[in-house]
Amino acid sequence: MRKLIALLLIVFVWSCEPTPKSVVKWPHGVNYEVFVRSYADSNGDGIGDFNGLTAKLDYLKDLGVGGIWLMPIMPSPTYHKYDVMDYKTVDGEYGTVEDFKKLVAEAHKRDIRILVDLILNHSGADHPWFQEAIKGKDNPYRNYYVWAKKDSIRNQLSKKTTSLDSDNITQWHAVNGDTLSEHYYGFFWGGMPDLNFDNPKVRQEFVDIGKFWLEEMQVDGFRLDAAKHIYPTDRAADNHAFWVWFREEMQKIKPDVYLVGEVWSSAPEVAPYLKGLPALFNFDMGYAITAAVRAGQDTIQLINKYKSINDFYLQTTNDYIDATFLKNHDQNRILSELGGDQNKARVAAAILFTLPGTPYVYYGEEIGMLGMKPDEFIREPFLWSNESRDPTITTWEEPRYSNLNTVKPLSAQQAEPNSLFNFYKKFIAYRNGSKALTYGSLLEAEIEVKEIVALIRKYENEESYLILHNISDVAVTLKPEGQLAAFTQVDFVSQGEVVKNEEGWVIPAYTSVILK
15 MRKLIALLLI VFVWSCEPTP KSVVKWPHGV NYEVFVRSYA DSNGDGIGDF
65 NGLTAKLDYL KDLGVGGIWL MPIMPSPTYH KYDVMDYKTV DGEYGTVEDF
115 KKLVAEAHKR DIRILVDLIL NHSGADHPWF QEAIKGKDNP YRNYYVWAKK
165 DSIRNQLSKK TTSLDSDNIT QWHAVNGDTL SEHYYGFFWG GMPDLNFDNP
215 KVRQEFVDIG KFWLEEMQVD GFRLDAAKHI YPTDRAADNH AFWVWFREEM
265 QKIKPDVYLV GEVWSSAPEV APYLKGLPAL FNFDMGYAIT AAVRAGQDTI
315 QLINKYKSIN DFYLQTTNDY IDATFLKNHD QNRILSELGG DQNKARVAAA
365 ILFTLPGTPY VYYGEEIGML GMKPDEFIRE PFLWSNESRD PTITTWEEPR
415 YSNLNTVKPL SAQQAEPNSL FNFYKKFIAY RNGSKALTYG SLLEAEIEVK
465 EIVALIRKYE NEESYLILHN ISDVAVTLKP EGQLAAFTQV DFVSQGEVVK
515 NEEGWVIPAY TSVILK
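Residue numbers 15 to 530, in our numbering, belong to the letters of the sequence shown in order.
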């Protein structure tokens with residue numbers, strides 16, 4: 015195989031080191047996003063449930079997971095449950111309140127924290143609040159939602175544009191087809207009417223809801239859906255202020271509450287939300303990692319990209335948790351985006367695990383699940399074993415992409431030392447044991463070859479590592495010079511073997527090496 019030879023030239027230092035206050039915050043390890051419906055079935059009804067997930071906590075602990083984000087679990091008429099009918103209980107499809115409490119308690123015994131998806135922006139149209147609101151203008155719940163006369167929103171009714179987080183082109187909706195009466199606002203669709211947070215009663219409802227989940231249900235925090243849509247886009251400052259208020263209210267209930275927000279946008283729009291939310295998902299970096307690995311060349315300059323994103327964040331605060339990820343439940347799965355190439359999937363995960371922040375893994379990424387939109391097919395059942403009748407595997411939908419013919423199930427991968435699963439497990443274990451990777455600052459190492467993503471992670475005066483990711487399909491030889499010549503010892507190799515000769519370190523294709 016041909017090889018590329020390059021020199022490591024210069025190190026540029028910039029700080030992305032959490033403040034001492036941040037170091038004591040959980041999560042300290044990797045977080046794991048779970049769609050309960052597709053994860054593990056305990057009672058044979060074909061639908062994943064709390065007891066099924068509880069039975070898999072030892073698996074997640076073994077994988078190295080420190081926190082679990084549960085997609086919506088509150089009562090809803092839809093499979094995805096983002097249109098909530100009752101905010102103070104769980105959906106019976108997934109089990110009982112006692113089942114959920116057991117899940118939380120068992121997770122805590124294993125030092126795994128639980129986040130629940132909290133949908134504040136909108137309720138479901140079947141929620142009792144909305145069913146009361148549509149009865150008329152004088153109903154006490156009318157002002158829980160946003161209403162407008164047809165004439166005042168005529169221009170908006172003809173709107174034909176979409177956004178990153180919604181393909182809906184109609185935000186104003188008639189009640190039961192009555193186009194002459196007041197319309198209600200629903201950013202995502204008519205079945206999800208937006209709540210009116212100018213109404214103090216609505217705000218108090220969600221303080222009470224937060225209190226219920228944090229105290230009664232003992233969860234550790236919330237993933238906050240559609241955080242930039244609490245108010246319309248022309249009221250961005252009100253959105254920012256809302257989350258400052260909400261965080262303060264939640265901290266009164268649970269001082270160490272963990273909040274992570276979804277603001278699906280680029281860094282300049284995301285950054286101001288850090289005034290209120292201590293963690294935000296880094297969509298920009300997820301896109302950038304995917305593009306670079308797909309191309310096999312770092313033409314994007316990933317580490318410089320990360321720096322530019324965090325420069326925006328630092329304009330707001332230096333005390334934040336960067337929630338990094340490859341893909342989530344609203345996006346095509348990472349392996350499908352990379353053409354089914356598991357070598358590329360490995361190096362993408364390696365980059366994720368060596369960046370600052372708290373990385374999130376979408377369930378099934380660790381076994382190479384596939385999936386392309388529409389949404390149902392990026393949320394397919396997790397494959398636990400190679401037995402087609404394994405009762406743990408959910409059957410609520412017929413998978414289009416991830417089945418026993420296309421994806422090697424977990425049980426088979428656990429027995430193979432070089433499987434994708436064991437790659438994830440090995441890398442997560444290394445990360446969890448490293449203060450530099452968990453908490454450290456990031457330094458950029460500039461090199462001459464685009465096939466390598468290079469960075470340094472450093473934690474105070476205790477640990478310092480040079481990390482080299484070969485994202486190409488050819489071996490690359492690198493010779494560290496200057497300050498980088500001090501990194502002489504291989505501490506970790508993602509796969510295969512890295513050797514040193516007179517020309518430098520020889521890094522195989524799609525391999526990551528960490529030098530100290």
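In this text, a Cβ means the ideal position worked out from N, Cα and C, and glycines have one as well.
Only a predicted model underlies this, so the values are computations on that prediction, with no experimental measurement involved.
Answer with buried or exposed for residue i, where buried requires no fewer than 16 other C-beta atoms within 10 angstroms of its C-beta.
i	result
residue 270	exposed
residue 194	exposed
residue 52	buried
residue 183	exposed
residue 259	exposed
residue 496	exposed
residue 240	buried
residue 247	exposed
residue 423	buried
residue 252	exposed
residue 513	exposed
residue 313	exposed
residue 151	exposed
residue 522	buried
residue 535	With the chain represented from 15 up to 530, any question about residue 535 goes unanswered, as that position is not in the structure.
residue 37	Any reading at residue 37 must be qualified, since the residue scores a pLDDT of 35, below 50, and its modelled position is unreliable; no value is offered.
residue 166	exposed
Determine which residues share a DSSP beta bridge with residue i and list them.
i	result
residue 48	84
residue 471	456 and 479
residue 526	483
residue 136	208
residue 514	519
residue 187	198
residue 127	81
residue 192	189
Can you list, in chain order, the residues of its chain with a C-beta nearer than 6 Å to that of residue i? Leave out the 5 residues immediately preceding and following it.
i	result
residue 156	147
residue 358	307 and 352
residue 339	300 and 374
residue 267	225 and 228
residue 272	234 and 235
residue 97	90, 138, 205 and 206
residue 298	280, 281 and 323
residue 481	368, 469 and 528
residue 58	405
residue 232	118
residue 237	83, 129, 131 and 274
residue 140	91 and 99
residue 7	Nothing can be reported for residue 7: it is not among the residues displayed for the chain, which extend from 15 to 530.
What did DSSP end up calling residue i once you bin it into helix, strand or coil?
i	result
residue 508	coil
residue 531	Outside the shown range of the chain, which is 15 to 530, sits residue 531, and nothing can be said about it.
residue 237	strand
residue 371	coil
residue 501	coil
residue 223	helix
residue 69	helix
residue 337	strand
residue 436	helix
residue 393	coil
residue 111	helix
residue 274	strand
residue 201	coil
residue 34	Only weak support is given to the placement of residue 34: the predicted model assigns it a pLDDT of 35, under 50, and the value that follows is read from those uncertain coordinates. Residue state, collapsed to three classes: helix.
residue 98	coil
residue 294	strand
residue 410	coil
residue 450	helix
residue 257	helix
residue 26	The pLDDT assigned to residue 26 is 44, lower than 50, so where the model puts this residue is not dependable, and the model offers no usable value.
residue 143	helix
residue 158	helix
residue 376	strand
residue 535	Because the chain in this structure spans residues 15 to 530, residue 535 falls outside the shown range and cannot be described.
What residues in its chain sit with their C-beta under 7 Å from that of residue i, if we drop five residues either side in the sequence?
i	result
residue 143	137, 155 and 158
residue 390	411
residue 330	285, 286, 288 and 289
residue 318	458
Can you list, in chain order, the residues of its chain with a C-beta nearer than 8 Å to that of residue i? Leave out the 5 residues immediately preceding and following it.
i	result
residue 126	71, 74, 75, 79, 80, 81 and 82
residue 293	272, 273, 274, 275, 334, 335, 336, 337 and 372
residue 451	367, 368, 444, 445, 471 and 479
residue 364	441, 483, 508 and 526
residue 476	449 and 450
- Message: Could you check whether the region 83 to 97 touches the region 412 to 421, counting it as contact only if at least three pairs of C-beta atoms, one from each stretch, sit closer than 8 Å?
- Response: no
- Should the region 465 to 479 be regarded as contacting the region 328 to 344, the criterion being three or more beta carbon pairs within less than 8 Å? no
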